[in-house]
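Chemist: Okay, here's the structure, questions in a sec.
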Amino acid sequence: MDQLHLEHTKRVAKNTVLLYGRMMLGMFVSLYTSRVILNALGVVDFGIYGVVGGLVIMFSIVSGSIQSSITRYLTFELGRADKPRLMDTFSTAFFIQIILAGVIFVLGETIGIWVLNYVLNIPANRMVAANIVFQTSLLSFMLGLVLMPYYACINAHERMNVYAYLGLLEIGLKLAIVLFVAYSPYKFDKLVVYSLLLVGVGLTMQVISVIYCRCNFNETKVTLRFNKGLMKSMFGFAGWNFIGASSALLRDTGGNMLLNYFFGPVVNAARSVAGSVSGAVGGFTGNFNAAVNPQITKSYASEDYVYMFSLIYRSAKFGYMLMLFFALPILYNTEFILELWLGEVPEYSSNFVVLILLFSLTETVSSPLITVQLATGNIKNYQIVVGGLQSLNFPLSLLFLWFGAPPQIIFIVSIMMSVCCLVARLCFLKGMIGLDINEYCRNVILPCVIVTTISSILPFVVTFLKIGATTCFMISVVVCLVGTGLSAFYFGCVQSERRFLMAQLSNLKRKFVFS
């Protein structure tokens, strides 16, 4: 590894550590606040908040594709070091987002209101509160949409320390909101106040992000001109990416709406619980990918393909093993953890948590493949096939539920289709960028299978021990963490990766000792 690539790798490692520090605190706060807000709102209101929020997110079916396009173009131009083009890209992106915000407003106030009031299964006495939650969620979503280019710019410049500091502030504000709603002596509709205060937090974070970008990145000073050719190119890219973005949202939000239609808001509460656990665990992998993805796009833009393939293999492998490290203790102790965490556990929560974590593990190894696919800009045929496969989640889940399948079926279908999409991605990238499928399997799939198998043996044995539940839980967690860590280090890493990890640990130790 040459000096330049070593510096890039160290930057990724530093950014990952910064994001993980924030994520660790955020995970514990999120798990605590989920319990508090569930008890404060009650199971029904908690489920309503989850399904109504999901309804608003459904409208990102319009905006999600163009957001990916903006992030890709900003990072790509940074990789080419073309400053005039970068400034044109940002200004054009900003005006595109304003237009999209207007489209989302119209869709929300027409289709969204109709679905909320006439399709979703919400108790009549909570319809007014549900409508208020919808309006506040829509407002928050539109604000985030307009200011998304600023977040994309922070990510493209790899200023992950800014994400860490902003994340800590956001965590603190959300914790204060939850404690206020739960323990305030004043009488008010807790669901309504909770949603209003969350909008205030979102607005605060967005204003701070804009101020930071305007002070540090010249390209974020929006001009009144925009590049028509660039806008056409962005919309062309977004048009095909729309298929993938819409199919993913149809799978997640559509699945949540199917649960509401067939089983009611109580099952949505279980889905929200599972989503909280998956989000907390998956956030570790998400932060790792956030640190790596800009490097993948920039290496493709600068035609440094050797380093690009190295990043793809390593980020897929390490992303999986990082998620396994935190997911395995939960998979083996789901019921105990939920009872300890929530007290009152909504029905189906345990099964949902296990299945959604398994789904997230299968998706993890695909994340770098998606990033490099977007970096190429050539996504037409890819999105038709992969997006088409992903879109089958909704009709297949609907079909199974219609014939009486249990609610777990939506996650089982998602896992099956995730594996199919992974195979399709590998086949397309083989032809597009020369990705060697055998190398990918040898460098990613095989180590992940070996680490998963070895780290699962001892926790499985622990489940048969006839000891107290708490003692069994503590032993299981220790065995899972130690087993996953050691097996990942010795069986998941090659020799050069082990040397790099040991060198970084030695540097941290020296800094700690002499600080």
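Heads up: the sequence shown runs through residues 118 to 632, numbered per the numbering used here.
Just so you know, even glycine gets a beta-carbon here, dropped at the ideal spot from N, CA and C.
1) Kindly confirm or deny that the region 563-576 and the region 493-504 touch, where touching means at least three C-beta pairs closer than 8 Å.
2) Restricting to Cα atoms, I'd like to know which of Ala605, Met322, Phe251 is closest to Pro564.
3) Taking its Cβ as the centre, do 16 or more other Cβ atoms sit within 10 Å of Met425, making it buried, or is it exposed?
4) What did DSSP end up calling Ser419 once you bin it into helix, strand or coil?
5) Note down the Cα distance separating Tyr311 from Asn238, rounded to an integer number of angstroms.
6) So what does DSSP say about Leu478, is it helix, strand or coil?
7) Would you mind working out which of Ala241, Asn234, Asn377, Pro266 sits nearest Gln252, comparing C-alpha positions?
8) Would DSSP call Ile447 helix, strand or coil?
9) If you follow the alpha helix (DSSP H) that Cys565 is part of, which residue opens it and which one closes it?
10) Go ahead and label Arg368 buried or exposed: buried means 16 or more other beta carbons lie within 10 angstroms of its beta carbon, across all protein chains shown.
11) Three-state secondary structure (DSSP) at Cys610?
12) Could you check the C-alpha separation between Lys349 and Ile413 for me, to the nearest Å?
13) Does the separation of the CB atoms of Val470 and Thr488 fall below 7 Å?
14) Ends of the alpha helix (DSSP H) at Asp205?
15) Pick out whichever of Ala444, Gly602, Met549, Ser419 has its Cα sitting closest to the Cα of Arg197.
16) Taking Phe207 and Pro266 to be in contact with their CB atoms under 8 Å, please state how far apart those CB atoms are, rounded to whole angstroms.
17) Would you kindly report the start and end of the unbroken alpha helix (DSSP H) that includes Gln252?
18) Within a Cβ cutoff of 6 Å, which residues of the same chain sit near Gln612, ignoring the five residues on either side of it in sequence?
19) Which same chain residues end up closer than 8 Å to Val630 when comparing Cβ atoms and leaving out the 5 residues on each side of it in sequence?
20) Do you know offhand how far Arg616's Cα is from Cys610's?
21) When the Cα atoms are used, what is the spatial distance from Val695 to Gly396?
22) So, with DSSP's three-state summary, where would you put Ile239?
23) Does DSSP classify Ala522 as helix, strand or coil?
24) Would you report the Cα separation of Tyr422 and Ser416, rounded to the nearest angstrom?
25) Go to Leu308, then tell me how far its alpha helix (DSSP H) extends in each direction, as first and last residue.
26) So is the beta-carbon of Phe469 under 6 Å away from any non-hydrogen atom of the ligand NAD?
27) For Phe334, which residues of its own chain have a beta-carbon under 7 Å away from its beta-carbon, when the five flanking residues on both sides are left out?
28) For Leu475, decide whether its Cβ has a neighbour in chain B, counting only Cβ atoms nearer than 7 Å.
29) Specify the secondary structure class of Ser301 as computed by DSSP and reduced to three states.
30) To the nearest whole angstrom, what separates the beta carbons of Met534 and Leu506, a pair I think is in contact under 8 Å?
31) Can you list, in chain order, the residues of its chain with a C-beta nearer than 6 Å to that of Glu287? Leave out the 5 residues immediately preceding and following it.
32) Assess, as a yes-or-no matter, whether the region 207-220 is touched by the region 247-264 under the definition of 3 or more beta carbon pairs within less than 8 Å.
33) Around the C-beta of Phe581, are 16 or more other C-beta atoms found within 10 angstroms, so that it is buried, or is it exposed?
34) Is Gly585 helix, strand or coil when you go by DSSP?
35) As a quick exercise: from Ile230, Asn278, Val236, pick the residue whose alpha carbon is nearest that of Ile249.
Modeler: This is what the structure gives:
1) By the Cβ test, the region 563-576 is not in contact with the region 493-504, since fewer than three Cβ pairs between them sit closer than 8 Å.
2) Here residue 564 refers to the residue found at position 447 of the sequence shown. Checking every option, the nearest Cα to that of Pro564 belongs to Ala605.
3) Translated into positions along the sequence shown, residue 425 becomes position 308. With 16 or more other Cβ atoms inside 10 Å of its own Cβ, Met425 counts as buried.
4) Indexing the sequence shown from 1 puts residue 419 at position 302. In the three-state reduction of the DSSP assignment, Ser419 falls in the coil class.
5) Mapped onto the sequence shown, residue 311 falls at position 194. Mapped onto the sequence shown, residue 238 falls at position 121. Rounded to the nearest angstrom, the two C-alpha atoms are 21 Å apart.
6) As a position in the sequence shown, residue 478 is number 361, starting the count at 1. In this structure, DSSP gives Leu478 a helical state, which the three-state scheme calls helix.
7) As a first step, residue 252 must be located in the sequence shown, where it is residue number 135. The closest CA to that of Gln252, considering only Ala241, Asn234, Asn377, Pro266, is found on Asn234.
8) Along the sequence shown, one-based indexing puts residue 447 at 330. Helix, per DSSP.
9) For the purposes of this step, residue 565 is taken as residue 448 along the sequence shown, with counting starting at 1. Start and end: 563-579.
10) Mapped onto the sequence shown, residue 368 falls at position 251. Per the 10 Å Cβ criterion, buried.
11) Numbered from its first residue, the sequence shown carries residue 610 at position 493. Shown here, Cys610 sits in coil according to DSSP, grouped into three states, outside any helix or strand.
12) For the purposes of this step, residue 349 is taken as the residue at position 232 of the sequence shown. For the purposes of this step, residue 413 is taken as the residue at position 296 of the sequence shown. If you take the alpha carbons of Lys349 and Ile413, they lie about 24 Å apart.
13) The residue labelled residue 470 in the question sits at position 353 within the sequence shown. The residue labelled residue 488 in the question sits at position 371 within the sequence shown. Taking C-beta atoms as the reference points, Val470 and Thr488 fail to come closer than 7 Å.
14) The residue given as residue 205 occupies position 88 in the sequence shown. DSSP places Asp205 inside the alpha helix (DSSP H), whose first and last residues are 200-224.
15) For this step, residue 197 is matched to residue 80 along the sequence shown. Looking at the Cα atoms, Ser419 is the closest of the given residues.
16) Along the sequence shown, one-based indexing puts residue 207 at 90. Along the sequence shown, one-based indexing puts residue 266 at 149. So it is a contact: roughly 6 Å between Cβ atoms.
17) Position 135 of the sequence shown, counted from the first residue, corresponds to residue 252. Note, Gln252: alpha helix (DSSP H), 244-263.
18) Within the sequence shown, the letter at position 495 stands for residue 612. Residues of the same chain with a CB within less than 6 Å of the CB of Gln612, apart from the 5 flanking positions on each side, do not exist.
19) Looking up residue 630 in the sequence shown gives position 513. With a pLDDT of 48 at Val630, under the threshold of 50, the predicted position of this residue should be treated as unreliable, and no value is reported.
20) Taking the first residue of the sequence shown as 1, we reach residue 616 at position 499. Taking the first residue of the sequence shown as 1, we reach residue 610 at position 493. Cα-Cα distance, rounded: 10 Å.
21) The structure shown does not extend to residue 695, since the chain spans only 118 to 632, so no value can be given for it.
22) Within the sequence shown, numbered from 1, the residue matching residue 239 stands at position 122. Residue state for Ile239 is assigned as coil, using DSSP reduced to three classes.
23) Along the sequence shown, one-based indexing puts residue 522 at 405. Ala522 falls in the coil class under three-state DSSP.
24) Residue mapping note: residue 422 aligns to position 305 of the sequence shown, counting from 1. Residue mapping note: residue 416 aligns to position 299 of the sequence shown, counting from 1. Distance between the alpha carbons of Tyr422 and Ser416: 7 Å.
25) For the purposes of this step, residue 308 is taken as residue 191 along the sequence shown, with counting starting at 1. Looking at the DSSP string, the run of the alpha helix (DSSP H) that includes Leu308 is 307-333.
26) In the structure shown, the ligand NAD is absent, as is every other ligand, since no ligand is present at all.
27) For this step, residue 334 is matched to residue 217 along the sequence shown. Cys270, His274, listed in sequence order.
28) Within the model displayed, chain B is absent; a lone protein chain is all it includes.
29) The residue given as residue 301 occupies position 184 in the sequence shown. Under the three-state reduction of DSSP output, Ser301 falls in the coil class, being neither helix nor strand.
30) Counting from 1 along the sequence shown, the entry for residue 534 is found at position 417. Counting from 1 along the sequence shown, the entry for residue 506 is found at position 389. Beta-carbon to beta-carbon, Met534 and Leu506 are separated by about 6 Å, close enough to satisfy the 8 Å threshold.
31) Along the sequence shown, one-based indexing puts residue 287 at 170. Excluding residues up to 5 positions away in sequence, Met322 lie with their Cβ nearer than 6 Å to the Cβ of Glu287 in the same chain.
32) Yes, they touch.
33) By one-based count along the sequence shown, residue 581 stands at place 464. A residue is called buried once 16 or more other Cβ atoms fall within 10 Å of its Cβ, and Phe581, having fewer, is exposed.
34) Walking along the sequence shown from the start, residue 585 turns up at place 468. In the three-state reduction of the DSSP assignment, Gly585 falls in the coil class, being assigned neither a helical nor a strand state.
35) Walking along the sequence shown from the start, residue 249 turns up at place 132. Ranking the options by Cα distance to Ile249, first place goes to Ile230.
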